[in-house]
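What follows is a short report on a single structure.
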Amino acid sequence: MTGPEPPPERFGTRVRVDIRWRDLDTLGHLNQAVYHEYLEEGRSAFFGRLAERDAAFPFVLARVELDYRREVRHSDGHVEVVTEVERVGRSSITVANRIELPGGEVAAEGRSVLVAWDPEARGKRELTAAERAALGI
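For the sequence shown, the numbering used here assigns the number 22 to the initial residue and increments by one for each residue that follows.
Below you can see the structure in the form of structure tokens.
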């Protein structure tokens, strides 16, 4: 007798981001705005990986929610930014975001909604079948 099948692996990326001195605030920890710069690094890696599957597409960032869990200090050296598909809609994808300290502890987590963009029409568009397949959903 076999057990239940494991859930399918979610499409995602993990990227290392080095902490720079300029990223810190006067309290000596990562400035709250810099967390969002790090998430942008994660999205860049995410869409770079989609490009490898010939499925990268223009998008606009429609929403970001982020919960700060632990401080990040320069002495941490780097963080890992994890971006994984959470949900695919008609014209948008929701990705789960995590910023992890070197030991794996979560410093911040949340989600972002990315909307497929039509540069000529200057508006949203539906995701194609190929884009959906590349996203794994």
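Ideal placement from N, C-alpha and C gives every residue a C-beta, glycine not left out.
Whole-angstrom distance between residue j and residue i, CA atom to CA atom
| i | j | result |
| --- | --- | --- |
| Leu135 | Arg84 | 7 Å |
| Gly144 | Ser96 | 43 Å |
| Phe68 | Ala77 | 6 Å |
| Pro79 | Val55 | 23 Å |
| Glu73 | Ala155 | 10 Å |
| Gly131 | Thr47 | 25 Å |
| Gly98 | Glu86 | 25 Å |
| Ser133 | Asn118 | 7 Å |
| Glu107 | Ile114 | 8 Å |
| Arg153 | Ile120 | 25 Å |
| Gly49 | Arg94 | 6 Å |
| Gly33 | Asp75 | 15 Å |
| Arg37 | Val81 | 23 Å |
| Thr149 | Pro140 | 15 Å |
Among the options, the one whose alpha carbon lies nearest that of residue i
| i | options | result |
| --- | --- | --- |
| Arg91 | Gly110, Glu62, Gly124 | Gly124 |
| Val160 | Leu71, Asp88, Gly49 | Nothing about residue 160 can be reported from this structure: the residues present for the chain run from 22 to 158 only. |
| Arg41 | Leu51, Arg35, Gly33 | Leu51 |
Simplified DSSP assignment, three categories, for residue i
| i | result |
| --- | --- |
| Glu121 | strand |
| Phe32 | coil |
| Arg41 | coil |
| Leu60 | helix |
| Leu48 | coil |
Could you pull out every unbroken beta strand (DSSP E) segment of at least 3 residues lying fully inside the region 71-152, listed in chain order?
Runs of the beta strand (DSSP E) inside the region 71-152: 80-89, 99-109, 113-121, 127-139.
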